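Asks: For the protein sequence lines, the chains are A and B, in the order given.
If you read the first sequence in my numbering, its first letter stands for residue 1, the second for the next number, and so on.
If you read the second sequence in my numbering, its first letter stands for residue 116, the second for the next number, and so on.
Note that beta-carbon positions come from the ideal geometry of N, C-alpha and C, so glycine has one too.
Computed from a predicted model, the values in this text were never measured in an experiment.
Handing you a structure now.
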Amino acid sequence: GNSVTQMEGPVTLSEEAFLTINCTYTATGYPSLFWYVQYPGEGLQLLLKATKADDKGSNKGFEATYRKETTSFHLEKGSVQVSDSAVYFCALSDDSGAGSYQLTFGKGTKLSVIP
Amino acid sequence: DGGITQSPKYLFRKEGQNVTLSCEQNLNHDAMYWYRQDPGQGLRLIYYSQIVNDFQKGDIAEGYSVSREKKESFPLTVTSAQKNPTAFYLCASSMVGQGLYGYTFGSGTRLTVV
Numbered sequence: 001g002n003s004v005t006q007m008e009g010p011v012t013l014s015e016e017a018f019l020t021i022n023c024t025y026t027a028t029g030y031p032s033l034f035w036y037v038q039y040p041g042e043g044l045q046l047l048l049k050a051t052k053a054d055d056k057g058s059n060k061g062f063e064a065t066y067r068k069e070t071t072s073f074h075l076e077k078g079s080v081q082v083s084d085s086a087v088y089f090c091a092l093s094d095d096s097g098a099g100s101y102q103l104t105f106g107k108g109t110k111l112s113v114i115p
Numbered sequence: 116d117g118g119i120t121q122s123p124k125y126l127f128r129k130e131g132q133n134v135t136l137s138c139e140q141n142l143n144h145d146a147m148y149w150y151r152q153d154p155g156q157g158l159r160l161i162y163y164s165q166i167v168n169d170f171q172k173g174d175i176a177e178g179y180s181v182s183r184e185k186k187e188s189f190p191l192t193v194t195s196a197q198k199n200p201t202a203f204y205l206c207a208s209s210m211v212g213q214g215l216y217g218y219t220f221g222s223g224t225r226l227t228v229v
């Protein structure tokens with residue numbers, strides 16, 4: 001079956017520090033990969049996505065590259081801000097049959113950025 | 116603007132009561148999902164539906180029920196059989212066959228047993 005493993009948190013960084021959140025996956029097909037962000041008390045928002053090997057998704061200074069050879073989709077940001085404090089979820093979407101795509105989520109990584 | 120609306124944002128339930136969480140979308144999405152979120156456990160799938168009048172159990176369906184009478188609506192009932200219902204509940208939707216786009220999520224309902 002499909003699975004997503006992401007680094008456990010919490011992660012605490014100082015403002016302007018470099019961020020990496022590791023994500024690796026197992027999938028039977030050719031999945032699309034996603035990073036979602038959840039701010040306190042809210043639902044999940046799509047942060048970025050990549051649909052095939054070597055694609056790079058980017059948004060709001062965050063980047064992640066789809067690495068098929070290492071089955072990874074690590075999230076990076078060069079300089080974090082206090083407003084980036086949130087929980088980040090890695091996810092994959094794979095065809096589970098008859099055109100039905102379901103998301104498989106990692107457990108989430110809580111990021112806290114301190115001034 | 117299109118989106119998903121969950122209501123209420125906060126809900127309190129007494130022991131032994133059934134409560135219903137609302138989820139409405141105007142995105143014309145075929146598929147809808149309910150997740151439960153507990154601290155440190157990520158998201159767990161309760162039920163999902165890919166078409167009107169049809170739905171399937173997810174990983175933790177016991178103590179929950181759903182209906183899908185309209186494409187736009189997918190209400191979740193937390194029954195008295197659910198022994199530990201205090202959690203954050205998230206509804207999501209997607210287009211069937213559109214795996215590239217992932218899901219759109221509502222803003223959640225926090226249910227507390229009092």
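Out of B:Gly-223, B:Ala-207, B:Val-193, which one is the CA nearest neighbour of B:Asn-143?
Replies: Checking every option, the nearest Cα to that of B:Asn-143 belongs to B:Ala-207.
Asks: With DSSP run on the structure shown, which of helix, strand or coil describes B:Val-228?
Replies: In the structure shown, B:Val-228 sits in a strand (DSSP, three-state: E or B).
Asks: At what residue ranges does the stretch 16 to 70 of chain A contain a whole run of the beta strand (DSSP E), taking only runs of 3 or more?
Replies: Entirely contained in the stretch 16 to 70 of chain A, the beta strand (DSSP E) runs reaching 3 residues are, in chain order, 19 to 21, 23 to 26, 32 to 38, 44 to 50, 56 to 59, 62 to 65.
Asks: Under three-state DSSP, which class holds B:Tyr-230?
Replies: Since the first residue of chain B shown is 116 and the last is 229, residue 230 of chain B is not available in this structure.
Asks: Could you say if the stretch 62 to 80 of chain A and the stretch 214 to 226 of chain B meet the contact criterion of at least three C-beta pairs nearer than 8 Å?
Replies: Too few Cβ pairs lie closer than 8 Å, so no.
Asks: Here's the rule: buried if 16 or more other CB atoms are within 10 angstroms of the residue's CB, otherwise exposed. What is A:Tyr-30?
Replies: Its Cβ having fewer than 16 others within 10 Å, A:Tyr-30 is exposed.
Asks: How should A:Phe-18 be labelled, buried or exposed, when 16 other C-beta atoms within 10 angstroms of its C-beta is the threshold for buried?
Replies: Exposed, because fewer than 16 other Cβ atoms sit within 10 Å of the Cβ of A:Phe-18.
Asks: Check each candidate in A:Leu-13, A:Leu-33, A:Ser-72, A:Glu-8 and name the one with the smallest Cα separation from A:Val-80.
Replies: Closest by alpha carbon: A:Leu-13.
Asks: Please report whether the beta-carbon of B:Leu-226 lies at a distance below 8 Å from any beta-carbon of chain A.
Replies: It does not: the Cβ of B:Leu-226 has no partner Cβ on chain A nearer than 8 Å.
Asks: Pick out whichever of B:Pro-123, B:Ala-146, B:Lys-186 has its Cα sitting closest to the Cα of B:Met-210.
Replies: Out of B:Pro-123, B:Ala-146, B:Lys-186, B:Ala-146 has the C-alpha closest to the C-alpha of B:Met-210.
Asks: What are the residues in the stretch 18 to 47 of chain A lying within 9 Å of chain B by C-beta distance?
Replies: Of all residues in the stretch 18 to 47 of chain A, Pro-31, Ser-32, Phe-34, Tyr-36, Gln-38, Gly-41, Glu-42, Gly-43, Leu-44, Gln-45, Leu-46 have a Cβ within less than 9 Å of some Cβ in chain B.
Asks: Pick out whichever of B:Gly-178, B:Phe-170, B:Lys-198 has its Cα sitting closest to the Cα of B:Ser-188.
Replies: Taking only the C-alpha atoms, the option nearest B:Ser-188 is B:Phe-170.
Asks: Tell me which same chain residues have a C-beta within less than 7 Å of the C-beta of B:Pro-123, skipping the five on either side of it?
Replies: Here the set comprises Thr-224.
Asks: Three or more beta-carbon pairs under 8 Å between the stretch 87 to 96 of chain A and the stretch 32 to 43 of chain A, yes or no?
Replies: Short answer: they touch.
Asks: Closest to B:Ala-202 by C-alpha separation, out of B:Gln-156, B:Gln-132, B:Thr-120, B:Gly-117, would be which residue?
Replies: Checking every option, the nearest Cα to that of B:Ala-202 belongs to B:Gln-156.
Asks: Enumerated in chain order, which unbroken segments of the beta strand (DSSP E) with a length of 3 residues or greater are wholly contained in the stretch 147 to 180 of chain B?
Replies: The qualifying runs are 158 to 166, 169 to 172.
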